[in-house]
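First to last, the sequence lines map onto chains A and B. Taking our numbering, I'd label the letters of the first sequence as residues 13 to 517. Taking our numbering, I'd label the letters of the second sequence as residues 10 to 483. Quick reminder that beta carbons are idealized off the backbone N, C-alpha and C, glycines included. In this text, all values refer to a predicted model and were calculated from it rather than measured experimentally.
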Amino acid sequence: MDLDLPILSFLIWLPIFAAVIVLWLGSLNQAEVGKSVALAASLFTFAASILLYTGFDATTASMQFVERVAWIERFRADYYLGVDGISMPLVLLTTFLTPIVIIAGWEVIRVQPTQYFAAFLLLEGLMVGVFAALDGLLFYVFWEAMLVPMFLIIGVWGGERRIYATVKFFLYTFLGSVFMLVALIYLYLQAGSYSILDFHELPLGMFEQLMIFSAFLLAFAVKVPMWPVHTWLPDAHVEAPTGGSVILAAVLLKMGGYGFIRFSLPITPDASQALDWLMIGLSLIAIVYISFVALAQQDMKKLIAYSSIAHMGFVTLGFFVVFSVALNGNGGDGARLALQGGMVQMISHGLISGALFLCVGVMYDRLHTRQIRDYGGVVNTMPKFAALMVLFALANAGLPGTSGFVGEFFVILAAFQANLWLAFVAATTLVMGAAYTLWMIKRVVFGDITNKSVGALQDIGHREFGMLAFLALAILLIGVWPAPLVEVMEQTLGQLIEHVLQSKL
Amino acid sequence: MADLILAAPEIFLICAISVVLLTDVFLPGDQKNITYSLALLSLVGTAAMTAYFSVDETVIGFSGSFVADPAGSVLKIFAYLMVAICFLYSRDYLERAGLLRGEFFVLGLFGLLGIMVIISGHNLLTLYLGLELLSLSLYTLVAFNRDSGICAESAMKYFVLGAIASGTLLYGISFLYGVTGTIELQALGEHFRESDVLSLPLILGLTFVIVGVAFKFGAVPFHMWLPDVYQGAPTPVTLYVGSAPKIAAFALAWRVLADGLAGLHENWADMVVVLAVLSLGIGNIVAIAQSNLKRMLAYSTISHVGFILMGFAVGTEDGLRASMFYTLTYVIMAAGAFGMIILLSRRGFEAENLEDFKGLNARSPWFAFVMLMVMFSMAGVPPLVGFYAKVVVLESLLAVNMFWLAGSAVFFTVIGAFYYLRVVWYMYFADPLNEESLEATTDLRVALSINGLVLLALGVFPGPLLDLCVQVLS
Chain A
13 MDLDLPILSF LIWLPIFAAV IVLWLGSLNQ AEVGKSVALA ASLFTFAASI LLYTGFDATT
73 ASMQFVERVA WIERFRADYY LGVDGISMPL VLLTTFLTPI VIIAGWEVIR VQPTQYFAAF
133 LLLEGLMVGV FAALDGLLFY VFWEAMLVPM FLIIGVWGGE RRIYATVKFF LYTFLGSVFM
193 LVALIYLYLQ AGSYSILDFH ELPLGMFEQL MIFSAFLLAF AVKVPMWPVH TWLPDAHVEA
253 PTGGSVILAA VLLKMGGYGF IRFSLPITPD ASQALDWLMI GLSLIAIVYI SFVALAQQDM
313 KKLIAYSSIA HMGFVTLGFF VVFSVALNGN GGDGARLALQ GGMVQMISHG LISGALFLCV
373 GVMYDRLHTR QIRDYGGVVN TMPKFAALMV LFALANAGLP GTSGFVGEFF VILAAFQANL
433 WLAFVAATTL VMGAAYTLWM IKRVVFGDIT NKSVGALQDI GHREFGMLAF LALAILLIGV
493 WPAPLVEVME QTLGQLIEHV LQSKL
Chain B
10 MADLILAAPE IFLICAISVV LLTDVFLPGD QKNITYSLAL LSLVGTAAMT AYFSVDETVI
70 GFSGSFVADP AGSVLKIFAY LMVAICFLYS RDYLERAGLL RGEFFVLGLF GLLGIMVIIS
130 GHNLLTLYLG LELLSLSLYT LVAFNRDSGI CAESAMKYFV LGAIASGTLL YGISFLYGVT
190 GTIELQALGE HFRESDVLSL PLILGLTFVI VGVAFKFGAV PFHMWLPDVY QGAPTPVTLY
250 VGSAPKIAAF ALAWRVLADG LAGLHENWAD MVVVLAVLSL GIGNIVAIAQ SNLKRMLAYS
310 TISHVGFILM GFAVGTEDGL RASMFYTLTY VIMAAGAFGM IILLSRRGFE AENLEDFKGL
370 NARSPWFAFV MLMVMFSMAG VPPLVGFYAK VVVLESLLAV NMFWLAGSAV FFTVIGAFYY
430 LRVVWYMYFA DPLNEESLEA TTDLRVALSI NGLVLLALGV FPGPLLDLCV QVLS
């Protein structure tokens, strides 16, 4: 199916132009109109992004909806967009979550509201750009530009220590990315163009691959984040406003995973194979050690932040276990299962962690505290809310029937083909995840009301119920019927595996 | 006659300066706006002359001491533009500060003439002549607010150190002349292409010339004058010192190092590498400790100079183009930054401390955004033009396998990002110290807005300017 409409450009530029209009309305003191425009634009963008899914051809691994226009001739860099089975679901995740985030901030944001909504629209356009860019320079431009609105979102609308958190976030990510820039320029000099697909085919020596892999690793490991460069994440999450946390956990972290699967694996397959023990080790540390850290948290947002790191450990585990699976197990099929698991885990974690942060936001809006001990017995006063939050918590713990189960199950299944002990260690996370999530739920939602202010809580209204219900639906849908999601990425991942397992040396 | 046509813009400008100077003498104190308009008109006229008499290829005149080439014309046009922006931003400020005197514009134009002579200089003495004309105008401009002690102090420092640097340069030139028997750049270039034997006098000459050039750039360890001058001078003068003369410094390095001494590249490249890395490191680290914005921008300038010098250290045509692109985009950013300080200043109040930018977003969202663009552009964050400036330099470094240099460049860029971020967080995250709205004239507002948008526009479409640098330097 070949539509001539430039849908991807539309998904990038509509939110960005809408952001400008929202800012302009804000300067005319039309904040209410601005909010409506922001919501309309984000909904319209989501509607348009559905065309990506309906028009997507799952039988091919090649790029679709391709747009290519010369951009900077001096660098032979093009305005080159396209999606395949890896990036298309991530684009949809982005466009799906942005309206929810805008609704979440609807009545809550009092300071500079139009700037808040404009920042999220801007962020949406740039995030879609990151996933859709097929040109290295264009990718980097979107990747870095995204830091600016996020820096402002945390810094302007964040909590007490927001400045520390946002500067840490910016500098950490910036440090990681600049070395990726050096790697991209080096690849450009070798390949003669910035096209990522050309990078994939570029023959590289082992030393070159190791250097490039390290540069990419720095950028993507910070973003995922992997232990030991994860320390910015709990700070950023705790201080960010609800919407910022949601986007941070749901989409920004996925960019690290996306980077591994789009850049590291296919561009430097031999280095990835040589260093897969390192990546697997770091992933296991994230899964096990960070789960213990999560257990000890008193702050709900911090707990979910650490849980995010542990869950993202599954993603990197799935991506880098492919080499041992291919060697020990039944070859390509098991390896593809691992990649599929990682991908499903990314989408699912985007929905679940986003939902959990929204839940914390709902409670924070009422009591202005995120401490677990300030709550207790929320179910007595907010039954509707409690039902949804328990669902999200169970999904986070990997309950079958929710999306959280699918990804983890795939990855563990694949890990079994590589090494029994590896799978065993990874599987402990199912226990640990259940422990820290459910223990939090027990202390916050169930039990008797211990705190007077909890007794006075109002249950969620239509706005809050709506946004949470949509997320709950998506989580259950993927959990019960993952086929549509798995099918679109099948061909792409199959081809990727073939490419990755073929040495470039 | 052909020679005179080559130098037509310079000749026109000096005539125009004389007219401005004479007119100004007969104008009463409250009509200095006429001088301002005349100064802008002479810039327009000079630009028209440059465009009309521009050449398609390198033409050398005046017995080898003057050159006209496309790259020179581009640099000159940018210099006019920067001087015009400086005048535009300054008029209102000077009027409010009671400093609106004709000398500012006359000296500014004389400085520009010096810049043009440097850009077109094709023998070491012409270059030196242009440099002195520029420097003397700058010394005087820095002391322009004659009632202020701090201005006089920084002008004194600048003069003494500048005189030493000029002396050093001249000393180096004399060694080069002694070794080669010529001061003409083409002859020098040919001489060194044929023999690259290093003798002691040649080493001395080379070192002294590099020191002189490094001083004019403000590269570490010859940077001491820069922060004091930036801080002490009235802001419009800082704007002037920080923009157009950087183009001249680039031209000087280009003519002397990349042109005349190209054959000795291997010998001076290491020196330039040391200067570049030191400038990047010290500039970026010391800038973090500053609470005065003008001083912070001075150290930021030093770090940007590090990047510009890296392009020279590469020694390829690509490196030179990268340096040129970096210089041209840097001066636009610098103009925006100092323009913002001028915008925030009021009668008797210099908004030169970082604190004065606190809460700017609440007072004026648009100009907070303009400053945000300037700061992120300087930090090298896309989609602003400062990013591509860094990309071209990195590319030229990687093309000749200077990996560790590229690595240190990006490393210090990250350190530098911190103090640019601090300006942004003061503007957006802090509460304003005073709630007064900005009192600035429309022309300043419009010009500054355009300045900021140019950074964004060039950031989204850097192609034309990149192509221009390739086209004129090939």
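| Check | Outcome |
| --- | --- |
| Quick check: does the Cβ of ASN301/B come within less than 7 Å of any heavy atom belonging to the ligand NAD? | As for the ligand NAD, it is missing from this structure, which has no ligand bound. |
| For VAL281/B, tell me which candidate among GLY272/B, LEU266/B, MET125/B, ILE294/B has the shortest Cα-Cα distance. | LEU266/B |
| Report the neighbours of LEU353/B on chain A: residues whose CB is nearer than 9 Å to its CB, in chain order. | Correct list: empty, because the minimum Cβ distance to chain A is about 19 Å. |
| Could you tell me which residues DSSP puts in a beta bridge with SER207/A? | ASP147/A |
| What are the start and end residues of each continuous alpha helix (DSSP H) run of 4 or more residues lying completely inside the region 299-373 of chain A, in chain order? | 312-332, 334-340 |
| With contact counted as at least three CB pairs below 8 Å, one residue from each stretch, are the region 334-346 of chain B and the region 232-252 of chain B in contact? | yes |
| Would you say GLY167/A faces chain B, with C-beta separation under 8 Å as the test? | yes |
| In whole angstroms, give me the CA-to-CA distance for PRO111/A and TRP244/A. | 26 Å |
| According to DSSP, what are the bridge partners of PHE75/B? | GLY70/B, GLY130/B |
| Closest Cβ-Cβ distance between LEU52/B and chain A: below 8 Å? | no |
| Let's see if you can read the secondary structure: which residues bound the alpha helix (DSSP H) around ALA89/A? | Counting along the chain, ALA89/A falls outside any alpha helix (DSSP H), though it belongs to the beta strand (DSSP E) covering 89-95. |
| At a CB-CB cut-off below 7 Å, which residues of chain A make contact with GLY328/B? | Ordered by position in chain A, no residue passes the 7 Å Cβ test against GLY328/B, which lies about 14 Å from the chain. |
| Span of the alpha helix (DSSP H) holding ARG455/A? | 432-456 |
| Does the beta-carbon of VAL412/A have 16 or more other beta-carbons within 10 angstroms, so that it is buried, or is it exposed? | First, the amino acid is wrong: residue 412/A is Pro here, not Val. Exposed, because fewer than 16 other Cβ atoms sit within 10 Å of the Cβ of PRO412/A. |
| Does the beta carbon of ALA298/B come closer than 8 Å to any beta carbon on chain A? | no |
| Give me the subset of the region 253-269 of chain B whose CB atoms are less than 9 Å from a CB atom of chain A, sorted by chain position. | none |
| Going by CA-CA distance only, name the one from THR135/B, LEU50/B, VAL283/B that's closest to GLY70/B. | THR135/B |
| Among ARG110/B, ALA439/B, GLY461/B, GLN240/B, which residue has its Cα nearest to the Cα of LYS367/B? | ALA439/B |
| Does DSSP classify ASN293/B as helix, strand or coil? | helix |
| So which residues of chain B does ILE84/A contact, with C-beta pairs closer than 7 Å? | PRO471, GLY472, LEU475 |
| Taking the straight line between their C-alpha atoms, what separation do you get for MET324/A and ALA350/A? | 14 Å |
| Decide if HIS313/B is buried, meaning its Cβ has at least 16 other Cβ atoms within 10 Å, or exposed. | buried |
| Would a C-beta distance cut-off of 8 Å place LEU164/A and TYR92/A closer than the cut-off? | no |
| Would you mind listing the alpha helix (DSSP H) stretches within the region 388-414 of chain B that are 4+ residues and don't spill past its ends, in chain order? | 394-408 |
| What would DSSP say about VAL206/B, mapped onto helix, strand or coil? | coil |
| Does the contact criterion of 3 or more C-beta pairs under 8 Å hold for the region 350-365 of chain B versus the region 92-104 of chain B? | yes |
| Is VAL419/B close to chain A, meaning its C-beta is less than 8 Å from at least one C-beta of that chain? | yes |
| State yes or no: is the C-beta of LEU104/A within less than 8 Å of the C-beta of SER61/A? | yes |
| Secondary structure at ILE121/A, three-state DSSP: helix, strand or coil? | coil |
| What three-state label does DSSP hand SER27/B in the structure shown? | helix |
| When DSSP builds the beta bridges, which residues end up paired with GLU444/B? | GLU444/B pairs with nothing; no bridge assigned. |
| Name, going along the chain, the residues of the region 106-132 of chain A whose beta-carbon falls closer than 8 Å to a beta-carbon of chain B. | GLN124, GLN127 |
| Helix, strand or coil, according to DSSP, for ALA398/A in the structure here? | helix |
| Chain A beta carbons: is any one of them nearer than 8 Å to that of TYR429/B? | no |
| In three-state DSSP terms, what is MET42/A? | According to the sequence displayed, residue 42/A carries Gln and not Met. Correct three-state label for GLN42/A: coil. |
| Determine the chain B residues that contact PHE186/A at a beta-carbon separation under 7 Å, and present them in chain order. | VAL423, ALA426 |
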